[in-house]
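Participant:
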Amino acid sequence: MDAVESLLVVFDGALNDEWESLASALHDLTEQEAAWQHPAYAAEPHDDGVGVPGTILWHLNHLELCHRHYIATIRNMDPAKSPDTKPPGELPLTQVLPALKQASAGLREAIASLKPEDLTRQVRPQRNAASFIAMIAAHICWHAGMIKQTRRLYAKR
């Protein structure tokens, strides 16, 4: 197994591990849970193009946007020029889930297209491709944890 394949194992786990993943956080998610905002976020400004802060829908629209941005970043490989990625447009659950799945599949393809020697190339001023992909997996897991916490707060409201 080379370094790219190892990073794909980590990426796949962040998305689909049975217990510790975005998929596990989204299992049986309802529209009501997805749209619910904890009162702690009520004063936060609306995030145009992504949604209501603190909601699961915000997390999902944010991840969809980020995954498309990450694809462009990996394909671009220019640390001096960050791609201009437009927000998804505050998609409802029935639309954001397939959009996120498509963006995640595209991101996996972008990672898989790399050669081991590409992993040392800079994609951001302070990140090479390997550390960028590791950050992506951590980012997915962070949002999965926030989604699980939001679901628990929703259930105990």
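The number in my numbering is simply the position in the sequence shown, starting from 1, with 3 added. Note that beta-carbon positions come from the ideal geometry of N, C-alpha and C, so glycine has one too.
1) At 4 residues or longer, and completely inside the stretch 72-109: list those alpha helix (DSSP H) runs for me, N to C.
2) Count the other CB atoms, across all protein chains shown, that sit within 10 Å of the CB of N64; report buried if there are 16 or more and exposed otherwise.
3) Provide the residue span of the beta strand (DSSP E) that contains Q129, from first to last.
4) Out of M4, L10 and D5, which one is the CA nearest neighbour of I133?
5) Does DSSP put G52 in a helix, in a strand, or in coil?
6) Does E112 come out as helix, strand or coil in the three-state DSSP assignment?
7) Thinking C-alpha only, which one of E47, W145 and P128 is nearest L18?
8) Can you have a look at H70 and say buried or exposed, based on whether 16 or more other CB atoms are within 10 angstroms of its CB?
Facilitator: Here's the rundown:
1) As for any alpha helix (DSSP H) of minimum length 4 sitting wholly inside the stretch 72-109, there is none.
2) Working through the sequence shown from its first residue, we reach residue 64 at position 61. Burial is judged here by how many other beta carbons sit within 10 angstroms of a residue's own beta carbon; N64 has at least 16 and is buried.
3) As a position in the sequence shown, residue 129 is number 126, starting the count at 1. Counting along the chain, no beta strand (DSSP E) covers Q129, and no H or E run does either.
4) Here residue 133 refers to the residue found at position 130 when the sequence shown is read from its first residue. First, the residue type needs correcting, since residue 133 is Ala and not Ile in the sequence shown. The candidate whose alpha carbon is nearest that of A133 is L10.
5) Here residue 52 corresponds to residue number 49 of the sequence shown, with the count starting at 1. Coil at G52, not helix or strand.
6) Start at 1 with the first residue of the sequence shown, and residue 112 comes out as number 109. The answer is helix: DSSP assigns E112 an H, G or I state.
7) Taking the first residue of the sequence shown as 1, we reach residue 18 at position 15. Considering only alpha carbons, the answer is W145.
8) Locating residue 70 in the sequence shown gives position 67, where the first residue counts as 1. Taking all protein chains in view, the Cβ of H70 is crowded by 16 or more other Cβ atoms within 10 Å, so the residue is classified as buried.
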